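Per UniProt numbering, residue 1 is the first one in the sequence shown, and the count goes up by one each step. In this text, a Cβ means the ideal position worked out from N, Cα and C, and glycines have one as well. Keep in mind the model is a prediction, meaning the values are calculated, not measured.
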Amino acid sequence: MADKTIPDFVFPPGGEKPDMSRDDLAAVAEAVAALSPEDRTLLAAVQASPFRLTAAEQFLEFPDNIDFFVLEPQVKQMEDLGWRYLEQHLDLELTPELRAAIDPVPFGRQAMEEDRGCFTQYGYLSLSGDEWQHEQAAEHGRREAEKKPSIRERLEQSKKECAGKDRAQPVKDKSAPEL
């Protein structure tokens, strides 16, 4: 195990050794520990697949990218995947006679090709099609938000400026006629 606080599924024994500093490993351990049991199972499936995470940044971004992956724990073999594919694409209910006449494996292969998915010991894993959200982009957005004052702040500032201008100008007596 890479670190006693990081589960074996993150860096499986015999796998590639992560090129991470102690600080990175500590941050990864903290991020993994904060995951819910379901998200830990998803991470374990990701780590058992060709989609495995390898950089500390990916592990730190994983909680914000849970929807990037789809794990179907009930789909364990090609037949299951084929039946799922058929159920999604057919508008009719299959009678037992029709089910007996259909070989679901080719449909499973088709689904796997379309999904770019794979089987893991946790079920069938595929990509959702969502875009991976990078921490750097989120950090950039936070910095931009810090630079720009909110509308409310701008309105308050405008009120203060207007109030300051009104005080600087002499008040005219409305009862006296203008000359």
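Bounds of the beta strand (DSSP E) holding residue 70 are 69 to 72.
Between the C-alpha atoms of residue 95 and residue 61 there is a straight-line separation of about 45 Å. In the three-state reduction of the DSSP assignment, residue 81 falls in the helix class, which pools H, G and I. Per DSSP, the unbroken beta strand (DSSP E) holding residue 123 starts and ends at 123 to 127.
The segment 123 to 135 makes contact with the segment 62 to 74: 3 or more CB pairs, one atom from each, lie closer than 8 Å. DSSP, read as helix, strand or coil, puts residue 120 in strand. Taking a cut-off of 8 Å on C-beta distances, the segment 43 to 62 does not touch the segment 99 to 113, as fewer than three cross pairs fall below it.
Note on residue 90: under 16 other CB atoms within 10 angstroms of its CB, so exposed under the neighbour-count rule. Per DSSP, reduced to three states, the secondary structure at residue 53 is coil, with no helix or strand assignment. Cβ contact annotation for residue 73 (same chain, cutoff 7 Å, sequence separation greater than five): 122, 123, in chain order. Residue 112 and residue 41 have their C-alpha atoms roughly 21 Å apart. The Cβ atoms of residue 47 and residue 9 lie closer than 8 Å to each other. The C-alpha of residue 64 is placed about 15 Å away from the C-alpha of residue 33.
Secondary structure of residue 94 (DSSP, three-state): coil.
Shown here for residue 20: same chain residues with a beta carbon closer than 6 Å to its own, the five before and five after excluded, namely 56 in chain order.
If you draw a straight line from the Cα of residue 78 to the Cα of residue 84, it comes to about 10 Å. Taking C-beta atoms as the reference points, residue 86 and residue 104 count as a pair closer than 8 Å. Contact check for residue 31 and residue 125: beta-carbon distance about 20 Å, past the 8 Å limit, so the pair fails to qualify. Taking C-beta atoms under 8 Å as the contact rule, residue 35 and residue 43 qualify, at a distance of about 6 Å.
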